[in-house]
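J.: Quick note, the sequences are listed as chains A and B, same order. If you're matching positions, the first sequence starts at 1039 in my numbering and goes up one per residue. If you're matching positions, the second sequence starts at 1039 in my numbering and goes up one per residue. Using N, Cα and C, we set each Cβ at its ideal position, and we do this for glycine too. The following block contains the structure, expressed as structure tokens.
Number of protein chains: 2
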Amino acid sequence: MNNKIVIIAPDRSLDQWVQALKDENKNLTIEIYPDDTQREETEFILTWRPPAGVFDQYPNLKVIASMGAGVHHIFAQNTIKKHIQVTKIEHPRLATDLSQFVLSICLMHIRDLYAYFKLQQKKKWKPIAYKRPNDTVVGILGFGQIGQSVGELLIKNNFQVLGYSSSSKTHENITTYHSEQQLPQFLQSCDILVCLLPLTSKTRGILNKTLFDQLKPGCYLINVGRGAHLEEDDLLEALQNGQLSGASLDVFTEEPLPQDHAFWDHKRIQITPHMASATDPFVVSEQIIANLERLQQGKAMKNRIDQKREY
Amino acid sequence: MNNKIVIIAPDRSLDQWVQALKDENKNLTIEIYPDDTQREETEFILTWRPPAGVFDQYPNLKVIASMGAGVHHIFAQNTIKKHIQVTKIEHPRLATDLSQFVLSICLMHIRDLYAYFKLQQKKKWKPIAYKRPNDTVVGILGFGQIGQSVGELLIKNNFQVLGYSSSSKTHENITTYHSEQQLPQFLQSCDILVCLLPLTSKTRGILNKTLFDQLKPGCYLINVGRGAHLEEDDLLEALQNGQLSGASLDVFTEEPLPQDHAFWDHKRIQITPHMASATDPFVVSEQIIANLERLQQGKAMKNRIDQKREY
Ligand SMILES: NC(=O)c1ccc[n+]([C@@H]2O[C@H](COP(=O)([O-])OP(=O)(O)OC[C@H]3O[C@@H](n4cnc5c(N)ncnc54)[C@H](OP(=O)(O)O)[C@@H]3O)[C@@H](O)[C@H]2O)c1
Ligand SMILES: NC(=O)c1ccc[n+]([C@@H]2O[C@H](COP(=O)([O-])OP(=O)(O)OC[C@H]3O[C@@H](n4cnc5c(N)ncnc54)[C@H](OP(=O)(O)O)[C@@H]3O)[C@@H](O)[C@H]2O)c1
């Protein structure tokens, strides 16, 4: 049993990751694709956005560990054999950080802080009547681990919260919906809609015209799920016809968002560069090394995802 | 005993106020300065920014009621006779609204949302490492009714909070300071300083070079007290030399802020048009009418301020 991790993450800088993993396990061998050696011996790969077909070069691969909370990137251009265990990161601060980010955006929205930012540039003094959290309904599309944490923080700050998930859930103070039949009822009540779904074949493009048309007119959209949840042209249309009053987007189909993209100078779109939450290698390396050791001991992986569900 | 209120508020629109007061008391006579009559009969004045010397025209005046939480405007250009009772508004939502506003600004600051607005305008994708609430110390200068409510909301959202007031106070979870001897210790710990003082002869111009120099370098200033708390040139200097990293200002010496003011296009100043909290006439008219009735019954005013303290 070897003590080696291969990292496949062509578009990420890896110095911090290498340092953090070594800090956890001094005798660890770390090799970085494409400069890694003896691929037939590699059993454990840590990855972010792996290139197409790359895993086929590793005949004895047992574990593919995502460097983040999402795993969609692993399946995007690769077919993963059934016996390979795919894991995700559970970052203790991820849900907290993301919740605080969503709270910031919700408060910014109801207090019109973005509007004041623009008014200041025009040297215009124009008080706008504000809305209060207790008069504002926030719907969370994807009421999972992070979604629930977001909901709880919003409730603590007096917002009204609704949650929507795949399976039925109950939650104190939060009205929950599930299944496609209940989706319209959920959507029509939202003043703010927060997407926190995982990206799967069922959720790709879910933020589209059909969904927007079911929202309360003037709803505000926050996408902190994945860029591919959103049909970009449908968003532009919904902003144009007033079905949506604005959108805060943290994730995009292509990141960094290309220079010539229409979102950059749209006056009702607020862009943040995928920083709703940041994964700290020094915090999460422990989980990765723990899984490597579990593999060496013949134990099952922690934070393993369900390949059939895709999340 | 008459049933009349005279309103002296030359720079405010009064339709909502008149409506709200009438809703509370159908038989009330409301007259609006300068068109009011029989001034020798007037005992109760409701006011905001009264002109210089105006109260001298009312020989039998008994009560001057402020239309807001602050009363400084009443004393600014008038000497008020000792026997006249001066009252302020206690708006049940004022403290909550103001607290949510301060929370919004604190979150926006640690999440660099203003920086991202600016980066978006330059079509720049540039993630910035964020600070967390639990690593951020917010100092509240003026730890009174509103200051304490702000502090509690910030604590609930994981910020570290310090409070500074005139007299000694104790508070669960919040370290408190008082007296000028303890001011330096308070100031040197703050990552964010929130001014929530009343405007008095002691606090006018308190946000000046001497105070800024005692702050932790790079501190962020939020002024939701009054414009005259701030020495404007000293702020510009402190932003210039980095002693302050930025400032969010809701109140100004002259409101609306004049077109040619240097604050408008300063890249480290965020301007909001005195909307941290809005007084709703329909909520507070009840208090004013109740005090009018107390006067008619020979009872002392509620929410009376201490003329010697000036707040
Ligand atoms: N912007 C960022 O920086 C950032 C950072 C981290 C994560 N994220 C995003 O947040 C997502 C959620 O993370 P998580 O840890 O909360 O995942 P999770 O615990 O697996 O929760 C996913 C939720 O979505 C629901 N769901 C899945 N497919 C659905 C469908 N077709 N229809 C309705 N509901 C569906 C699930 O329902 P059940 O509960 O019934 O299974 C669950 O409630 C991640 O996948 C990632 O896309 C973004
Ligand atoms: N931006 C807005 O929209 C808005 C809206 C409402 C109010 N405000 C501002 O907020 C202010 C505070 O309102 P409030 O209802 O909280 O008043 P408050 O309950 O009277 O509290 C004032 C606080 O300031 C302290 N203080 C007064 N003079 C001081 C001095 N020289 N040095 C140190 N501390 C001093 C007091 O100390 P003690 O406790 O020891 O007396 C008290 O803690 C108002 O006066 C107004 O300027 C702004």
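Heavy atom of ligand 2 less than 8 Å from the Cβ of B:Thr1241, yes or no?
T.: As a first step, residue 1241 of chain B is located in the second sequence; it is residue number 203 there, counting from the start. Yes - ligand 2 has a heavy atom lying nearer than 8 Å to the Cβ of B:Thr1241.
J.: By DSSP, does A:Asn1246 sit in helix, in strand, or in coil?
T.: For the purposes of this step, residue 1246 of chain A is taken as the residue at position 208 of the first sequence. Here A:Asn1246 sits in coil by DSSP.
J.: When you compare each of B:Phe1139, B:Leu1145, B:Leu1136 to A:Asp1135 by their alpha carbons, which one comes out closest?
T.: Numbered from 1 along the first sequence, position 97 holds the residue referred to as residue 1135 of chain A. Ranking the options by Cα distance to A:Asp1135, first place goes to B:Leu1145.
J.: Among A:Leu1225, A:Glu1324, A:Gly1180, which has the Cα closest to the Cα of A:Leu1282?
T.: Numbered from its first residue, the first sequence carries residue 1282 of chain A at position 244. For the residues A:Leu1225, A:Glu1324, A:Gly1180, the minimum Cα distance to A:Leu1282 belongs to A:Leu1225.
J.: With which residues is A:Asn1261 paired in a DSSP beta bridge?
T.: Within the first sequence, the letter at position 223 stands for residue 1261 of chain A. A:Cys1233, A:Leu1287, per the DSSP bridge assignment.
J.: Starting from the Cα of B:Thr1080, find the closest Cα among B:Glu1293, B:Ser1104, B:Leu1052, B:Asn1040 and give me that residue.
T.: Residue mapping note: residue 1080 of chain B aligns to position 42 of the second sequence, counting from 1. Of the candidates B:Glu1293, B:Ser1104, B:Leu1052, B:Asn1040, the one whose C-alpha sits nearest the C-alpha of B:Thr1080 is B:Asn1040.
J.: What's the call for B:Pro1171, buried or exposed, on a 16-neighbour Cβ count within 10 Å?
T.: Walking along the second sequence from the start, residue 1171 of chain B turns up at place 133. Counting Cβ neighbours within 10 Å, B:Pro1171 comes out buried, since at least 16 surround it.
J.: Establish whether the CB of A:Tyr1168 and some CB of chain B are separated by less than 9 Å.
T.: For the purposes of this step, residue 1168 of chain A is identified with residue 130 of the first sequence, where counting begins at 1. Interface residue, yes.
J.: Three Cβ pairs or more, each shorter than 8 Å: is that satisfied between the region 1105-1124 of chain A and the region 1220-1238 of chain A?
T.: Yes: the two stretches touch, three or more of their Cβ pairs being nearer than 8 Å.
J.: Just checking: is the beta-carbon of A:Leu1191 within a distance shorter than 9 Å of some beta-carbon in chain B?
T.: Taking the first residue of the first sequence as 1, we reach residue 1191 of chain A at position 153. With 9 Å as the cut-off, A:Leu1191 counts as an interface residue toward chain B.
J.: State the Cα-Cα distance for the pair B:His1209 and A:Val1188, rounded to the nearest angstrom.
T.: Position 171 of the second sequence, counting from 1, holds the residue named residue 1209 of chain B. Position 150 of the first sequence, counting from 1, holds the residue named residue 1188 of chain A. C-alpha separation (whole angstroms): 28 Å.
J.: Roughly how many angstroms separate the alpha carbons of B:Leu1221 and B:Leu1249, rounded to a whole number?
T.: Here residue 1221 of chain B refers to the residue found at position 183 of the second sequence. Here residue 1249 of chain B refers to the residue found at position 211 of the second sequence. Going by the C-alpha atoms only, they are around 9 Å apart.
J.: Measuring CB atoms only, is the region 1048-1056 of chain B touching the region 1326-1346 of chain A, in the sense that at least three cross pairs come out at less than 8 Å?
T.: Verdict: no, contact absent.
J.: Over the uninterrupted beta strand (DSSP E) stretch that includes B:Phe1082, give me the two end residues.
T.: If you number the second sequence from 1, residue 1082 of chain B lands on position 44. Element bounds for B:Phe1082: 1082-1085.
J.: Report buried or exposed for B:Pro1311, applying the criterion of at least 16 other Cβ atoms within 10 angstroms of its Cβ.
T.: In the second sequence, the residue the question calls residue 1311 of chain B occupies position 273. It counts as buried.
J.: Excluding five sequence neighbours on each side, which residues of the same chain lie with their C-beta closer than 8 Å to the C-beta of A:Asn1098?
T.: Here residue 1098 of chain A refers to the residue found at position 60 when the first sequence is read from its first residue. Closer than 8 Å at Cβ, skipping near neighbours: Glu1078, Glu1079, Thr1080, Glu1081.
J.: Kindly indicate the opening and closing residues of the alpha helix (DSSP H) around B:Ser1227.
T.: Locating residue 1227 of chain B in the second sequence gives position 189, where the first residue counts as 1. Segment: none, B:Ser1227 is in no alpha helix (DSSP H) and carries neither H nor E.
J.: Report the residues of the region 1124-1142 of chain B with a CB closer than 9 Å to any CB of chain A, ordered along the chain.
T.: Listed by position, the residues of the region 1124-1142 of chain B near chain A (Cβ gap below 9 Å) are Arg1131, Thr1134, Asp1135, Gln1138, Phe1139, Leu1141, Ser1142.
J.: So the candidates are B:Asn1329, B:Ala1338, B:Gln1325; which of them puts its Cα closest to the Cα of B:Glu1128?
T.: Taking the second sequence and counting its residues from 1, one reaches residue 1128 of chain B at position 90. Ranking the options by Cα distance to B:Glu1128, first place goes to B:Gln1325.
J.: Between B:Ser1286 and ligand 4, is the CB less than 8 Å from at least one heavy atom?
T.: For ligand 4, the structure offers nothing, since it holds only ligand 1 and ligand 2.
J.: Starting from B:Ile1070, trace the beta strand (DSSP E) in both directions and tell me its first and last residue.
T.: As a first step, residue 1070 of chain B is located in the second sequence; it is residue number 32 there, counting from the start. Run containing B:Ile1070: 1067-1070, per the beta strand (DSSP E) assignment.
J.: Over the uninterrupted alpha helix (DSSP H) stretch that includes B:Glu1191, give me the two end residues.
T.: By 1-based counting over the second sequence, the position of residue 1191 of chain B is 153. This sequence places Leu at residue 1191 of chain B; Glu is not what is there. Where B:Leu1191 is concerned, the enclosing alpha helix (DSSP H) stretches over 1183-1194.
J.: How about B:Met1146: is its C-beta nearer than 9 Å to some C-beta of chain A?
T.: Residue numbering aside, residue 1146 of chain B sits at position 108 when the second sequence is read from its first letter. Chain A, which has a Cβ nearer than 9 Å to the Cβ of B:Met1146, makes this yes.
J.: Looking at C-beta atoms only, is the number of pairs between the region 1174-1189 of chain B and the region 1175-1186 of chain A that lie closer than 8 Å three or more?
T.: Touching, no.
J.: Does the Cβ-Cβ distance between B:Val1124 and B:Ile1260 come in under 9 Å?
T.: Numbered from 1 along the second sequence, position 86 holds the residue referred to as residue 1124 of chain B. Numbered from 1 along the second sequence, position 222 holds the residue referred to as residue 1260 of chain B. No. Outside cutoff.
J.: On the criterion of 16 or more Cβ atoms from any shown chain inside 10 Å, does A:Arg1264 qualify as buried, or is it exposed?
T.: Within the first sequence, residue 1264 of chain A is the residue found at index 226, counting from 1. Per the 10 Å Cβ criterion, buried.
J.: Just checking: is the beta-carbon of A:Asp1049 within a distance shorter than 9 Å of some beta-carbon in chain B?
T.: The sequence position of residue 1049 of chain A within the first sequence is 11, counting from 1. A:Asp1049 does not count as touching chain B.
J.: According to DSSP, is B:Ala1314 helix, strand or coil?
T.: Taking the second sequence and counting its residues from 1, one reaches residue 1314 of chain B at position 276. B:Ala1314 falls in the coil class under three-state DSSP.
J.: Hey, is B:Ile1193 close to ligand 1, as in C-beta under 8 Å from one of its heavy atoms?
T.: Along the second sequence, read from residue 1 onward, the residue named residue 1193 of chain B stands at position 155. Outside the cutoff, so no.
J.: Starting from B:Tyr1202, follow the beta strand (DSSP E) in both directions and report where the run begins and ends.
T.: Your numbering for residue 1202 of chain B matches position 164 in the second sequence. That run of the beta strand (DSSP E) goes 1198-1203.
J.: Note down the Cα distance separating A:Ser1227 from A:Leu1287, rounded to an integer number of angstroms.
T.: Looking up residue 1227 of chain A in the first sequence gives position 189. Looking up residue 1287 of chain A in the first sequence gives position 249. The alpha-carbon atoms of A:Ser1227 and A:Leu1287 are separated by roughly 21 Å.
J.: Using a C-beta cutoff of 9 Å, does A:Ile1070 count as contacting chain B?
T.: Along the first sequence, read from residue 1 onward, the residue named residue 1070 of chain A stands at position 32. Closer than 9 Å: no.
J.: Alpha carbon to alpha carbon, how far is A:Glu1292 from A:Ile1307?
T.: To locate residue 1292 of chain A, count along the first sequence from 1; it is residue 254. To locate residue 1307 of chain A, count along the first sequence from 1; it is residue 269. So the two alpha carbons sit approximately 16 Å from each other.
J.: Could you check if A:His1209 belongs to the surroundings of ligand 1, using beta carbon to heavy atom distance under 8 Å?
T.: Here residue 1209 of chain A corresponds to residue number 171 of the first sequence, with the count starting at 1. No; taking the cut-off as 8 Å, the Cβ of A:His1209 has no heavy atom of ligand 1 nearer than that.
J.: Who are the neighbours of A:Pro1165 on chain B, taking C-beta pairs under 8 Å?
T.: As a working mapping, residue 1165 of chain A is identified with position 127 in the first sequence. Correct list: Pro1311, His1312, Met1313, Ala1316.
J.: With H, G and I counted as helix, E and B as strand and the rest as coil, what does DSSP make of A:Ser1104?
T.: Numbered from its first residue, the first sequence carries residue 1104 of chain A at position 66. A:Ser1104: strand per DSSP, three-state reduction.
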